[in-house]
Amino acid sequence: MMPRLTRYWNWQNIKMAIETHHITVSGLDVEVVRKNIKNLHLAVYPPHGRVRVAVPLVVTDEAVRMAVIEKLAWIRRQQTRFQQQPRQSHREMVHAESHYYLGQRYRLRIWERPGVAMVAINGVTYLDLSVRPGTSREQREEILSRWYRAQLKLLLAPLLEKWQANLGVHVADCVIRRMKTRWGSCNPATRRILFNLELVKKPEQCLEYIVVHELAHLIHRNHGKEFVALLDAHLPHWRMTRERLNSMPLGHEEWPSASST
Numbered sequence: 003m004m005p006r007l008t009r010y011w012n013w014q015n016i017k018m019a020i021e022t023h024h025i026t027v028s029g030l031d032v033e034v035v036r037k038n039i040k041n042l043h044l045a046v047y048p049p050h051g052r053v054r055v056a057v058p059l060v061v062t063d064e065a066v067r068m069a070v071i072e073k074l075a076w077i078r079r080q081q082t083r084f085q086q087q088p089r090q091s092h093r094e095m096v097h098a099e100s101h102y103y104l105g106q107r108y109r110l111r112i113w114e115r116p117g118v119a120m121v122a123i124n125g126v127t128y129l130d131l132s133v134r135p136g137t138s139r140e141q142r143e144e145i146l147s148r149w150y151r152a153q154l155k156l157l158l159a160p161l162l163e164k165w166q167a168n169l170g171v172h173v174a175d176c177v178i179r180r181m182k183t184r185w186g187s188c189n190p191a192t193r194r195i196l197f198n199l200e201l202v203k204k205p206e207q208c209l210e211y212i213v214v215h216e217l218a219h220l221i222h223r224n225h226g227k228e229f230v231a232l233l234d235a236h237l238p239h240w241r242m243t244r245e246r247l248n249s250m251p252l253g254h255e256e257w258p259s260a261s262s263t
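For the sequence shown, the working numbering gives the first residue as 3, with consecutive numbering after it.
Listed below in structure tokens is the structure:
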């Protein structure tokens with residue numbers, strides 16, 4: 003049986019930003035955040051390719067520039083990928099609109115009738131949403147979101163049980179959340195894992211890859227050689243799965259404009 007998941011909050015892991023400012027490196031606007039941390043962390047965020055570097059308090063701007071220059075080619079590739087990756091338009095929650103579940107595209111059918119709201123897959127074509135007459139777009143979206151969340155919990159349970167046993171690790175807390183920039187994340191100190199709600203719309207193979215990826219961080223915190231070797235040993239085709247996942251359409255999200263990020 004899968005170990006019971008216990009929620010808790012470790013205040014020692016909270017890091018407060020001390021200083022935030024921007025520098026320009028090779029024409030790139032780089033946000034620099036100095037925090038009470040030990041290592042430099044460089045990230046590129048969708049949808050516009052915003053560059054953010056979190057650094058220890060003692061790291062100078064010159065050191066940040068050198069780190070950005072060293073990763074410049076990688077940063078450009080990430081920005082290009084974000085620009086090219088398809089994203090769904092805003093969902094209006096109306097009849098015949100396209101929605102996804104486990105990698106399959108379905109056409110939404112709205113049924114207005116008295117009683118409890120329900121969501122059901124009908125064959126390989128339709129996603130049926132039964133709602134009371136007069137239900138708003140926002141209410142329909144919330145009903146579908148709750149159904150997605152319930153389905154993802156059901157899908158995650160056997161995968162977590164299987165891979166915790168295979169890898170010899172234990173998760174203390176598992177949370178499903180809407181995330182704009184990550185499919186998942188892991189805090190090795192608290193053994194807490196977050197999963198992006200959008201994963202329920204992707205093929206099960208992709209979901210399994212993210213489960214293994216995040217559980218592997220309980221053994222190796224960083225994406226070093228040991229981490230890669232662990233994935234190779236347990237999921238030999240993980241690179242193909244990752245490429246497939248990252249090439250699929252993303253859900254619609256409201257983002258700040260490029261000038262305000």
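Backbone N, C-alpha and C define an ideal beta-carbon position, used for all residues, glycine too. Computed from a predicted structure; not experimentally measured.
Residue ranges of each beta strand (DSSP E) within the stretch 133–204, 3 or longer = 175–179, 186–189, 194–198
Leaving out five residues before and five after MET95 in sequence, what residues of the same chain have Cβ atoms less than 6 angstroms from its Cβ?
-> Along the sequence shown, read from residue 1 onward, the residue named residue 95 stands at position 93. Closer than 6 angstroms at Cβ, skipping near neighbours: ARG139, ARG142, GLU143.
Should LYS204 be labelled buried (16 or more other beta-carbon atoms within 10 Å of its own) or exposed?
-> Looking up residue 204 in the sequence shown gives position 202. It counts as buried.
Where GLU99 falls: helix, strand or coil (DSSP) = Counting from one through the sequence shown, the residue named residue 99 turns up at place 97. Three-state DSSP puts GLU99 in coil, outside helix and strand.
Any idea what DSSP makes of LEU129, helix, strand or coil?
-> Along the sequence shown, read from residue 1 onward, the residue named residue 129 stands at position 127. Correct three-state label for LEU129: strand.
Please check the pair LEU199 and ARG151, which I expect to be a contact at CB under 8 angstroms, by giving their CB distance rounded to whole angstroms.
-> In the sequence shown, counting from the first residue as 1, residue 199 sits at position 197. In the sequence shown, counting from the first residue as 1, residue 151 sits at position 149. Indeed, because the Cβ distance is near 6 angstroms, the residues count as touching under 8 angstroms.
Kindly confirm or deny that the stretch 100–115 and the stretch 57–77 touch, where touching means at least three C-beta pairs closer than 8 angstroms.
-> no
Residue ranges of each alpha helix (DSSP H) run of no fewer than 4 residues wholly in the stretch 23–79, ordered along the chain?
-> 63–72
DSSP puts GLN106 in a beta bridge; with which residues?
-> Locating residue 106 in the sequence shown gives position 104, where the first residue counts as 1. TYR103.
Please report how far the alpha carbon of LEU217 lies from the alpha carbon of SER28, in whole angstroms.
-> Taking the sequence shown and counting its residues from 1, one reaches residue 217 at position 215. Taking the sequence shown and counting its residues from 1, one reaches residue 28 at position 26. C-alpha separation (whole angstroms): 37 angstroms.
From this set, LEU154, ILE123, LEU131, GLY51, which residue's C-alpha is nearest ILE77's C-alpha?
-> Position 75 of the sequence shown, counted from the first residue, corresponds to residue 77. For ILE77, the nearest C-alpha among the options comes from GLY51.
From the DSSP output, read off the bridge partner residues of TRP113.
-> The residue you call residue 113 lines up with position 111 of the sequence shown. According to DSSP, TRP113 bridges with SER132.
At a cut of 8 angstroms, does the stretch 118–133 reach the stretch 158–177 through at least three beta carbon pairs?
-> no
Output yes or no for whether 8 angstroms exceeds the beta carbon distance between LEU169 and PRO190.
-> Stepping through the sequence shown from its first residue, residue 169 is reached at position 167. Stepping through the sequence shown from its first residue, residue 190 is reached at position 188. Not in contact: LEU169 and PRO190 (Cβ atoms no closer than 8 angstroms).
As assigned by DSSP and simplified to three states, the class of ALA119 | One-based indexing of the sequence shown puts residue 119 at position 117. It is coil, neither helix nor strand.
When DSSP labels each residue in this structure, what does GLU21 get in the three-state scheme?
-> Within the sequence shown, the letter at position 19 stands for residue 21. Three-state result, GLU21: strand.
Take the Cβ of THR82 as the centre, count every other Cβ of all protein chains shown within 10 Å, and call the residue buried at 16 or more, exposed below.
-> Within the sequence shown, residue 82 is the residue found at index 80, counting from 1. Classification for THR82: exposed.
Output the distance between the C-alpha atoms of VAL34 and GLU245, rounded to the nearest integer angstrom.
-> Counted from its first residue, the sequence shown places residue 34 at position 32. Counted from its first residue, the sequence shown places residue 245 at position 243. So the two alpha carbons sit approximately 29 angstroms from each other.
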